[in-house]
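Note sheet for the following structure.
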Amino acid sequence: MPAMRLTIELAHYLKELLDRRNIQVSSLEGIEAPLREELLSGRRKARLLLRSHLLPVPVQDLGDRRLLVESDTLAASIKPGERVIVVVPADDGRRFVLQTSAEKVFVDRVQLHVEDPRCQRRYRPAGEVAVKAWRLPDVLVAKMEAGELEILRDIRLGEAAPAEADPGEPEGGGAAGDAGPGVVDVLYDPAKRAASPLQDDLAQTTPIPGRLVDVSTGGLCLAAPSAPDMNLFNRLVMVHFHLAPSAGEEGGAPSPPLEFQIFGVVRALRGQEDDARIHVMFLKALPEEAVSWLGGDG
Numbered sequence: 008m009p010a011m012r013l014t015i016e017l018a019h020y021l022k023e024l025l026d027r028r029n030i031q032v033s034s035l036e037g038i039e040a041p042l043r044e045e046l047l048s049g050r051r052k053a054r055l056l057l058r059s060h061l062l063p064v065p066v067q068d069l070g071d072r073r074l075l076v077e078s079d080t081l082a083a084s085i086k087p088g089e090r091v092i093v094v095v096p097a098d099d100g101r102r103f104v105l106q107t108s109a110e111k112v113f114v115d116r117v118q119l120h121v122e123d124p125r126c127q128r129r130y131r132p133a134g135e136v137a138v139k140a141w142r143l144p145d146v147l148v149a150k151m152e153a154g155e156l157e158i159l160r161d162i163r164l165g166e167a168a169p170a171e172a173d174p175g176e177p178e179g180g181g182a183a184g185d186a187g188p189g190v191v192d193v194l195y196d197p198a199k200r201a202a203s204p205l206q207d208d209l210a211q212t213t214p215i216p217g218r219l220v221d222v223s224t225g226g227l228c229l230a231a232p233s234a235p236d237m238n239l240f241n242r243l244v245m246v247h248f249h250l251a252p253s254a255g256e257e258g259g260a261p262s263p264p265l266e267f268q269i270f271g272v273v274r275a276l277r278g279q280e281d282d283a284r285i286h287v288m289f290l291k292a293l294p295e296e297a298v299s300w301l302g303g304d305g
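Right, here's the structure in full:
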């Protein structure tokens with residue numbers, strides 16, 4: 008795929024993603040039965056978060072991880088592929104949250120596809136791969152939630168990056184534009200249209216060392232050498248690692264390793280006999296082309 012650069016706006020998305028009252032589920036079956044029955048009978052409405060808008064709407068289950076939402080307002084303001092957060096509130100203050108994307112948009116309704124960030128095929132590296140994870144301090148998270156920081160992603164998985172950015176692309180870069188192939192996220196200042204110096208400040212803090220267990224387009228699992236800090240749960244992190252690409256044509260020159268630097272949120276912590284497993288969901292999934300280049304076993 009051609010090299011490309013995009014920004015990831017997080018302000019409204021993060022507030023729901025990081026709320027500790029929220030319970031992330033990957034399907035309606037993950038919602039407790041009485042609440043799910045109320046939702047599907049129409050006695051309880053879901054709340055849809057699209058950008059800065061919160062819409063109370065009835066939801067129908069179409070099966071196969073698909074939902075139907077009847078809403079003129081939503082249909083008029085959404086595009087296919089756009090991300091929507093569906094929140095189902097319980098009476099005790101808990102909120103069941105589904106991450107979805109608009110699959111089909113009609114005149115007065117929208118079909119949503121429920122996403123499971125780690126349901127995709129997981130790739131295990133053939134050898135040991137070192138991973139570093141940096142926990143984002145609260146001040147950076149607050150700036151993201153306020154819209155003062157976004158994420159700039161450079162994707163370099165095929166053709167070389169163009170000499171000049173397209174007019175519609177953000178200025179400044181800062182995402183290792185002269186580096187080798189990979190997918191690299193950096194903090195981005197939308198007001199200055201440039202990479203934020205806070206990126207360097209983050210990189211200079213002490214990371215959590217570990218090794219890569221597996222990776223998919225939606226997230227990864229890393230093994231840390233010590234017991235997990237439970238305060239890491241539901242926290243934003245930046246992970247960095249290199250992977251050898253899958254083998255190319257026989258006799259061809261070896262390809263350089265792929266660099267990955269991705270922002271995500273810790274979704275699970277599990278202690279093992281010899282190490283701790285930290286499961287990270289990427290804030291934005293990797294392109295499919297990224298994992299198709301990976302070596303190791305699926």
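For what it's worth, the numbering used here labels the leading residue of the sequence shown as 8, then goes sequentially.
Every residue, glycine too, gets a C-beta built ideally from N, C-alpha and C.
This structure is a prediction, so every number in the text was calculated from the model and none was measured.
For Arg218, the enclosing beta strand (DSSP E) begins and ends at Ile215 to Val222. Annotation: the region 131–164 contains the following complete segments of the alpha helix (DSSP H) (minimum length 4 residues), in chain order: 145–152.
When only Cα atoms are considered, Pro87 and Glu266 end up about 30 Å apart.
Its chain contains Trp141 as the residues whose beta carbon lies nearer than 7 Å to that of Thr212, once the 5 sequence neighbours on both sides are disregarded; these appear in chain order. The beta-carbon separation of Leu56 and Ile92, rounded to 4 Å, stays under the 8 Å limit for a contact. Relative to the Cα of Gln118, the nearest Cα in the group Arg284, Leu47, Leu69 and Glu135 belongs to Leu69. In this structure, Ala149 sits away from Asp115, with a CB-CB distance that is not shorter than 8 Å.
Per the C-alpha coordinates, the member of Pro132, Arg73 and Pro96 positioned closest to Pro264 is Pro132. Within 10 angstroms of the beta-carbon of Glu157 lie 16 or more other beta-carbons, which makes it buried.
When DSSP states are grouped into helix, strand and coil, Arg43 belongs to the helix group. For Glu122, DSSP assigns no beta-bridge partner whatsoever.
Comparing alpha-carbon positions, the option among Ala97, Leu276 and Ala283 lying closest to Arg43 turns out to be Ala97.
Runs of beta strand (DSSP E) with 3 or more residues, each lying fully within the region 46–78, are found at 53–57, 60–64, 66–70 and 73–77, listed in chain order. Annotation for Lys291: no alpha helix (DSSP H) segment contains it, and DSSP assigns it neither H nor E. By the Cβ criterion, the region 58–65 is not in contact with the region 98–110, since fewer than three pairs of Cβ atoms, one from each stretch, lie closer than 8 Å. In the DSSP assignment, Lys22 falls within the alpha helix (DSSP H) that extends over Ala18 to Leu25. In this structure, Asn29 places its C-beta atom within 8 Å of the C-beta atom of Glu23. In the assembly as shown, Arg129 is a buried residue. Its beta-carbon has 16 or more other beta-carbons within 10 Å. With respect to the C-alpha of Asp79, the residue from Glu89, Leu62, Arg72 and Val94 having the closest C-alpha is Leu62.
Ala231 and Ala210 have their C-alpha atoms spaced approximately 19 Å apart.
Boundaries for Ala10: no beta strand (DSSP E) harbours it, and the DSSP string shows neither H nor E there. Membership of Ala275 in any alpha helix (DSSP H) is not indicated; the residue belongs instead to the beta strand (DSSP E) covering Leu265 to Gly278. The alpha-carbon of Arg12 is positioned some 16 Å away from that of Ser203. The straight-line gap separating the alpha-carbon atoms of Ile269 and Ala292 is approximately 9 Å.
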